[in-house]
Each structure stands twice: as structure tokens, then as C-alpha cells.
Amino acid sequence: MKDKRILYVSSEVIPYLPETEISSTSFEAAKMVNNIGGQIRIFMPRFGNINERRHQLHEVIRLSGMNMVINDLDMPLIIKVASIPKERMQVYFIDNEDYFKRKATLSDEDGNLFDDNDERAIFFAKGVIETVKKLNWSPDVIHVHGWLAYMLPLYLRHFYGNEPLFKDAKIVTSIYNENFEGTLNEEMRDKVLFDGMEKRDLKHLKEPSFVNLAKTAADNSDAVIVGSDNLPEGLLDYLKKINKPLLPYKTREEFSQAYQDFYTTKVLAE
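Anchor point for the sequence shown: position 113 equals 113 in the UniProt record's numbering, and the numbering is continuous, going up by one each time.
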């Protein structure tokens, strides 16, 4: 993995959000590659409950200022950056006042999903890709964690499919047991169609449940990692059927070498 470029895109990363399976794995995977000589970039949303002063986030003016069109509305993109202490790793934060200023991540104090999570997911995907383009940084592997990032493989394949910067990049999606009740906004597919996608590529988004978001991400990835010991019913069977390299669940003690081997022998060797 030495000198390979790995882009990590996650809905949550420690130490900026509490420790979960996703936030810790996103951090540990990036740290592992960084420690063996790989080049990494980490992207996550700048949720309003992230303490900017404590973590010393600051806006990157040269990267900010673009507008992302979401469902025919221009939404300003703000990019912030911070360094993880002691790790020599930078994290880029995708920000927008309408989508990410609220003091919560994905649901309100009663546990109800925010109604605009679909637009937040689209904005996050497009914001990451546009920022990487501005950085002119061509990744070898793009590794996606967390359902808010699951639109990224779809947009890379079908909206930015002709972008030279990503033409050789391999997409890996980690699927975790982060199921949620019900679905995202039922108009999500129409909002993606607005970007010129084809209906045949959005078959799962007729009903944007967690399982269907995961299937959409997997369909548009080159390889899949099972990130949790238990996945929602039927999802693991689907991942096995799509005939793509699949890394079974690994414990924290096992994952480092397993990820390295999977990247080199399955993902980059394809």
C-alpha cells in the first residue's frame, strides 16, 4: 500500500464524533494506511454538534465558494479542515448552513430522521467529489463508510463517470448494521433523476430504506466490506449474489492485515 492514494469518505470519524463501529473503523483504516506509507484524504460532514473550536476547524477559502445544485436549488459549499492530533492526518469537512448547522447528526431529539437527509446525502457526495477535483488529487481507492455517504458510488459512476481524475479509481463500500426505521424522503429518486441519472440505475431508490441505499452503493462499487457482525435480514445474501469481491466481517484485532490484503489482492488487482 506504500504510496497508494486512498480517499476515505465517512459519515462519522473519531475524534470529531462519538466512538461507534463506523467512526472508529473509518479512523483506524485511514491510520493504518497512513502508517505504512500510503497517502490518505479523509472527508466527513461538518455536523453542527462538532466542536469547531476544540478541534480547531478552519475554513479553506480556496476550496470553498462553489455551489452544488440540489433539486434545482443552488446550495453553497463550505470546506473546512482540521488535523487529527498525533496522527499527521488531515480531515476535510463538507459544510453548508442549511444542511449541517443544526446541533445533531441524522435525527432529531425524538429519534426521527431529518426530512432532508436525502438532500444532505446528495450534497455530501457531490461536495466531496468537487472538492477532490479542486485538490487535483487522483485516488487509487475510494473507501465509503456510513449510509449518508452511500450516494457517492452512484454519483461517481453515473454523474462523474467521464471525469479523468477518477477513471482508474476503485470504489470500496463498507456496509454496517446501521439500519433505520422507514425510509428517507420519498422524493429522493426524483431529486437524483434531476441530475440526469437514468431510472434503470436507481431501481432501489423507489423506496429509499437503509437496505436499498446499501444495495445502491454496493451495485456501484468495485468491492464490498462487511463492517458489522450482523447485517439487516437479506442484505448479506444480496452482497454475496452481486459477484463482487467481498470481505467478510473482521474484528478490530483482525481488520488491519485483512484490509491491507483485500486492497492489494482483490481491489487494486482487479
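Virtual Cβ for every residue (Gly too), placed ideally from N, Cα, C.
{"Check": "Nearest-angstrom beta carbon gap, Met75 and Asn96 [assumed within contact, 8 angstroms]", "Outcome": "5 angstroms"}
{"Check": "Contact belief for Val91 with His58 at Cβ below 8 angstroms, rounded distance in angstroms", "Outcome": "Their Cβ separation, rounded to whole angstroms, is 12 angstroms, which puts Val91 and His58 out of contact at 8 angstroms."}
{"Check": "For Leu268, the nearest candidate out of Tyr249, Lys206 and Ala223 (CA to CA)", "Outcome": "Ala223"}
{"Check": "Host alpha helix (DSSP H) of Val211 (start-end)", "Outcome": "Phe210 to Asp219"}
{"Check": "Bridge partners - Glu59, DSSP secondary structure assignment", "Outcome": "Lys80"}
{"Check": "Complete runs of the alpha helix (DSSP H) confined to the stretch 157–240 [at least 4 residues]", "Outcome": "188–193 and 210–219"}
{"Check": "Ile142 and Val9 closer than 8 angstroms at C-beta", "Outcome": "yes"}
{"Check": "Cβ neighbours of Ser138 in the same chain (closer than 6 angstroms, five flanking residues each side left out)", "Outcome": "Leu165"}
{"Check": "The stretch 27–34 / the stretch 245–260 touching (three or more Cβ pairs under 8 angstroms)", "Outcome": "yes"}
{"Check": "Ser24 beta carbon near the ligand MG (any heavy atom closer than 7 angstroms)", "Outcome": "Among the components of this structure there are no ligands whatsoever, and the ligand MG is therefore not found."}
{"Check": "Continuous beta strand (DSSP E) stretch holding Tyr249: start and end", "Outcome": "Counting along the chain, Tyr249 falls outside any beta strand (DSSP E), and DSSP gives it neither H nor E."}
{"Check": "Coarse secondary structure for Leu148, derived from DSSP in three states", "Outcome": "helix"}
{"Check": "Runs of beta strand (DSSP E) wholly within the stretch 15–75 (minimum 3 residues, chain order)", "Outcome": "39–45 and 67–70"}
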